[in-house]
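Under numbering that gives the first Met the number 0, think of the first position of the sequence shown as 0, with each following residue one higher. In this text, a Cβ means the ideal position worked out from N, Cα and C, and glycines have one as well.
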Amino acid sequence: MLSRFKPAGAIVAIAIAIFAPALPSGARPAPPVLVDQSGHAFTFATLARTPLVVTFVAAHCTDACPLVNAEFSAAARIFLAERRRIHLLTITLDPEHDSPADMRLLAKAFGADPRTWTLASGKVADVHRVMRAFGVVARQGRKGYADVHTTFVYFIDARGSLRRTLLASADLTDQVVAEVHANWQQLTQ
Numbered sequence: 000m001l002s003r004f005k006p007a008g009a010i011v012a013i014a015i016a017i018f019a020p021a022l023p024s025g026a027r028p029a030p031p032v033l034v035d036q037s038g039h040a041f042t043f044a045t046l047a048r049t050p051l052v053v054t055f056v057a058a059h060c061t062d063a064c065p066l067v068n069a070e071f072s073a074a075a076r077i078f079l080a081e082r083r084r085i086h087l088l089t090i091t092l093d094p095e096h097d098s099p100a101d102m103r104l105l106a107k108a109f110g111a112d113p114r115t116w117t118l119a120s121g122k123v124a125d126v127h128r129v130m131r132a133f134g135v136v137a138r139q140g141r142k143g144y145a146d147v148h149t150t151f152v153y154f155i156d157a158r159g160s161l162r163r164t165l166l167a168s169a170d171l172t173d174q175v176v177a178e179v180h181a182n183w184q185q186l187t188q
């Protein structure tokens, strides 16, 4: 079921904290830099003008995260087959433990094609800044990993505005594909 939940201040926080480039005067800090599964650094600004479906997982999680990854993998294959200009982005929510190499292994395990689906990590401070912008909450579990966390999926339009948020579930692939198909005009404008 689609949730209308929007993390507090997320639209403004996302637009300012991660999409907007730094002002020349230094009035705004530089946007956070993430590292994709190919080892390339990127910012959200490099993804501008492309609708995004974003989620956060922990590479060492054995609960909901593998399910989310499997569902994103299936959605990515559908969008690739449709040649739909949309990008799935999975960001670690445990940057203290999930290095870019861990995310590369996760991408390989789930067959992530970087043309459609990026798995990312980065410097701890940068990842935490992105997590705060999205309102992601993660706490250390019994084994020391961030395995107690929120599990939302965020739909960002081509202008960088948060359009929808939904809770991850066992039918996430169908929900993501249906949401993109039903709201394609909103997402691409």
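{"Item": "According to the Cβ coordinates, are Val56 and Leu105 closer than 9 Å?", "Value": "yes"}
{"Item": "Quick one: Cα of Gly159 to Cα of Leu186, how far?", "Value": "9 Å"}
{"Item": "For His180, which residues of its own chain have a beta-carbon under 7 Å away from its beta-carbon, when the five flanking residues on both sides are left out?", "Value": "none"}
{"Item": "Buried or exposed, going by whether 16 or more other CB atoms sit within 10 Å of the CB of Ala119?", "Value": "buried"}
{"Item": "What are the start and end residues of the beta strand (DSSP E) that includes Ile85?", "Value": "It is not in any beta strand (DSSP E) - Ile85 carries neither H nor E in the DSSP assignment."}
{"Item": "For the pair the stretch 124-139 and the stretch 172-179, tell me if three or more CB-CB distances fall below 8 Å.", "Value": "no"}
{"Item": "Provide the residue(s) that pair with Val52 in DSSP beta bridges, ordered along the chain.", "Value": "Leu87 and Phe154"}
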